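Novice:
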Amino acid sequence: MRILYSVIVFFFSCSFVFCHEHWIDLENFSPSIGEKTKVFACSGHSFPKSNEILSERVFNGFKVISPDNKEEFYATKTDEKSKTRVVEVVFDKEGTYVILFSLQKPPLKNPLYTAKALVNVGQGKIPKNILKNGLEIVPEKEISQLKIGDELPLKIIYDEKPISLTTSISIDGKKNFFLKTNRDGELLLKIKLPGRYLITSNHKGIGASLTFFINEEGRK
Amino acid sequence: MKKIIFISILFFGISYCFGHGVEYSIIKGGVGIKAYYSDGTPMSYSEVKIFSPEDRNTEFQTGITDKNGCFLFFPDSKGKWKIEINDGMGHGIVKEIDISEDLTSKIETTYHLPLWKKILYGLSIIFGFTGVFFYLSTKKKLPKGEKNAYS
C-alpha cells in the first residue's frame, strides 16, 4: 500500500515540477558593499539552470529596491550562453536589497508573474510586502540571520490579503518538495541545506517566485 | 469662363485635401488558429508570426492572438504555411498547415484531455503497474514446484 501511495504522490508531484517557472539568480547573493554583481532573469523547468530567454515584449526590466527604499530600474541584455537576461548591479549600501522583475503581456495591465530575490549586503531588515496587487511570497524573518536548522516563516499574499496556497520549494535543484500554507497564508520552511532556495506559487494564472541564498557558513 | 476655372480649382482643391482617402470592405474567409495551454487556458495576447511557403525568412504577417487565443490570417497562395506562436514566457507552438487551391485549410485540433480524464488515465496506469508488481512478487514467494492458482 505504501508503494501505491508513493507512486500517486510522485505522479502528482511531477506535474508541479514540470510547471514553467521564472526566477532571479545572482552571481553572488551576499556581495560586499560596492561590489558589482551580475543579476540574471531565468526561466524554465530545471532550477537553477535557465532554459529560456524571456521575451523583451513581456519582460518589464529589473527593479532594484535598496535598503533605504530607493528604486532603480535596469535594462537588460540577453545572454545566449546562459539562456538568461542579465544586468550588472552595484550594491553600495549595507542592508537587504530586493530585486524584482515582472512579466506582463501587453495590452494586459497587470503582470502575470512576479519574480523576487533577496540580496544581503551585510545585515539587513526584513523586507515587507512590496506589491500592491498580484501574488507575492513574503519572508517574515531576516534572511541574513538564518542558519541551518532554523525555521523561516513565510506568508503568501494575493492583492494585499493572505491566501492559502500550495508552494513548491526547490533547493539548488537537488531537493524539491511542496508545502501548503495555513488559512492565514502562513507556512514554516525548515532550513536544512545551504544553497539557493526557490519558492514558487500560482493562483488564478498568476505566479510568483522568491529566491534567496543560505550560506554554507550558516551551518550550526 | 472665370466660373469654370474657379469650380475646377475648388474641385481639385477638395480632392487634394482628402489626398489619402481610406475605404474598406468587410471580407469573409481566412484561416484561423486557436492556441491554448495544456490546462485549456487560452494563450491570449501571444506573439504570432506567419511565414508563406515562398519565403521562410520574412514574415508574411505578424500580430498577437486575441483575448481568447485566436488569430486569423489570409493566405494568398497554396502550399505549406508556417505559424509560430510564442507567449514570450517559455511556451510556444510551431505549426505547418496545408493551404489548398481555394486558399482554405482543413479543420484540425490537438486532442485536449480534461483534467479528470488525465487523473483517471494516470490512476489506471498506476493501478495497472501495481497489479503487475504484486502479481510478480506473489509468484516469487511460491515454493519451487508449486504453481500459482491462476497460472
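Taken in sequence, the protein lines are chains A and B.
Count along the first sequence starting at 1, add 49, and that's the number in our numbering.
Count along the second sequence starting at 1, add 50, and that's the number in our numbering.
Yeah, the Cβ is synthetic: ideal placement off N, Cα and C, and Gly gets one too.
Here the structure is a predicted model, which means the values were calculated and not measured.
#1: Starting from T86 (chain A), follow the beta strand (DSSP E) in both directions and report where the run begins and ends.
#2: I'd like the ranges of any beta strand (DSSP E) spanning at least 3 consecutive residues and lying wholly in the stretch 101-125 of chain B.
#3: Can you tell me which of A:I255, A:K142, A:C91 and A:P188 puts its alpha carbon nearest to the alpha carbon of K130 (chain A)?
#4: Which of helix, strand or coil does DSSP assign to V72 (chain B)?
#5: Just confirm the distance between the C-beta atoms of Y95 (chain B) and T115 (chain B), as a whole number of angstroms; I'd bet it's less than 8 Å.
#6: Comparing the C-beta of H69 (chain A) with each C-beta of chain B, is any distance below 8 Å?
#7: Mind listing the chain A neighbours of N136 (chain B)? Cutoff is C-beta to C-beta under 8 Å, in chain order.
#8: Report yes if the CB atom of G79 (chain B) is closer than 8 Å to the CB atom of F124 (chain B), and no otherwise.
#9: Cβ of T91 (chain B) less than 8 Å from any chain A Cβ?
#10: Tell me, please, whether the stretch 155-169 of chain A touches the stretch 227-236 of chain A by the rule of three or more beta-carbon pairs shorter than 8 Å.
#11: Given a cut-off of 8 Å on the beta-carbon distance, is the pair T216 (chain A) and I248 (chain A) in contact?
#12: Are the CB atoms of Y162 (chain A) and I114 (chain A) within a distance shorter than 8 Å?
#13: Select from the stretch 161-180 of chain A all residues with a C-beta closer than 9 Å to any C-beta belonging to chain B, and list them in chain order.
#14: Let me see if you follow: with CB-CB separation under 8 Å, is G93 (chain A) close to chain B or not?
#15: What did DSSP end up calling E151 (chain B) once you bin it into helix, strand or coil?
#16: Run through DSSP, which three-state label would S193 (chain A) get?
#17: Using a Cβ-Cβ cut-off of 8 Å, state whether E97 (chain B) counts as contacting chain A.
#18: Answer with buried or exposed for R268 (chain A), where buried requires no fewer than 16 other C-beta atoms within 10 angstroms of its C-beta.
#19: By DSSP, does F111 (chain A) sit in helix, in strand, or in coil?
#20: How is the beta strand (DSSP E) around F122 (chain A) delimited, first residue to last?
#21: So what does I248 (chain A) bridge to, in DSSP terms?
#22: Please classify R134 (chain A): is it buried, with 16 or more other beta-carbons within 10 angstroms of its beta-carbon, or exposed?
#23: How would you list, in chain order, the residues of chain B whose beta-carbon sits under 7 Å from the beta-carbon of P97 (chain A)?
#24: With 8 Å set as the bound, which would you pick, yes or no: does the beta-carbon of H141 (chain B) sit closer than that to a beta-carbon of chain A?
#25: Taking Cβ positions only, does L152 (chain A) come closer than 8 Å to chain B?
#26: Cβ-heavy atom distance between I82 (chain A) and the ligand PLP below 7 Å?
#27: Contact defined as beta carbons within less than 8 Å: I believe G138 (chain B) pairs with L103 (chain A). What is the distance between those atoms, to the nearest angstrom?
#28: Roughly how many angstroms separate the alpha carbons of K119 (chain A) and R245 (chain A), rounded to a whole number?
#29: Give the secondary structure of K241 (chain A) by DSSP, where H, G and I count as helix, E and B as strand, and everything else as coil.
#30: Once DSSP output is grouped into helix, strand and coil, what is the label at T159 (chain B)?
#31: What is the DSSP secondary structure of T91 (chain B), reduced to helix, strand or coil?
#32: Quick one: residues in its chain with C-beta nearer than 7 Å to the C-beta of D141 (chain A), no 5 flanking neighbours on either side, listed in chain order?
#33: Label S58 (chain B) either buried or exposed according to how many other C-beta atoms from any shown protein chain fall within 10 Å of its C-beta, with 16 as the threshold for buried.
#34: Per DSSP, what kind of secondary structure is N231 (chain A) in: helix, strand or coil?
#35: Alpha carbon to alpha carbon, how far is F262 (chain A) from K145 (chain B)?
#36: Within the same chain, show all residues whose beta-carbon is closer than 6 Å to that of K85 (chain A), passing over the 5 residues directly before and after it, in chain order.
Specialist: Taking the structure as given:
#1: Unbroken beta strand (DSSP E) run through T86 (chain A): E84 to G93.
#2: Counting only runs of 3 or more, we get 111-114 and 120-123.
#3: Checking every option, the nearest Cα to that of K130 (chain A) belongs to A:C91.
#4: If DSSP states are grouped into helix, strand and coil, V72 (chain B) belongs with coil.
#5: About 6 Å separates the two Cβ atoms, so the contact holds.
#6: Yes - at least one Cβ of chain B is within 8 Å of the one on H69 (chain A).
#7: Within 8 Å Cβ-Cβ: S104.
#8: F124 (chain B) sits close to G79 (chain B), with the two beta carbons spaced by under 8 Å.
#9: True, the Cβ-Cβ gap to chain A drops below 8 Å.
#10: Too few Cβ pairs lie closer than 8 Å, so no.
#11: Yes. Within cutoff.
#12: In this structure, I114 (chain A) keeps its C-beta atom at 8 Å or more from the C-beta atom of Y162 (chain A).
#13: So the close ones are L161 and Y162.
#14: Answer yes: the Cβ-Cβ gap between G93 (chain A) and chain B drops below 8 Å somewhere.
#15: Residue state, collapsed to three classes: coil.
#16: Here S193 (chain A) carries a helix assignment [DSSP, helix/strand/coil].
#17: It does; some Cβ of chain A falls within 8 Å.
#18: Note on R268 (chain A): pLDDT 43, under 50, position unreliable in the model; no value is reported.
#19: Of the three classes helix, strand and coil, the one that applies to F111 (chain A) here is strand, per DSSP.
#20: Residues E120 to Y123.
#21: A:I218 and A:L259.
#22: It is buried - the Cβ of R134 (chain A) has at least 16 other Cβ atoms within 10 Å.
#23: The premise fails here: P97 (chain A) is roughly 16 Å from chain B at the closest Cβ pair, so nothing lies under 7 Å.
#24: For H141 (chain B), the nearest beta carbon of chain A is closer than 8 Å to its own beta carbon.
#25: By this cut-off, L152 (chain A) is an interface position.
#26: By its list of ligands, the structure shown contains no ligand whatsoever, and the ligand PLP lies outside what it can speak to.
#27: Yes, they are in contact, since the Cβ atoms of G138 (chain B) and L103 (chain A) sit about 7 Å apart, within 8 Å.
#28: Computed Cα separation, rounded: 26 Å.
#29: Three-state result, K241 (chain A): coil.
#30: Residue state for T159 (chain B) is assigned as coil, using DSSP reduced to three classes.
#31: Under the three-state reduction of DSSP output, T91 (chain B) falls in the coil class, being neither helix nor strand.
#32: Closer than 7 Å at Cβ, skipping near neighbours: I82 and G83.
#33: S58 (chain B) comes out exposed.
#34: Coil at N231 (chain A), not helix or strand.
#35: Using only the alpha carbons, I get a separation of about 41 Å.
#36: Hits under 6 Å: E137 and V139.
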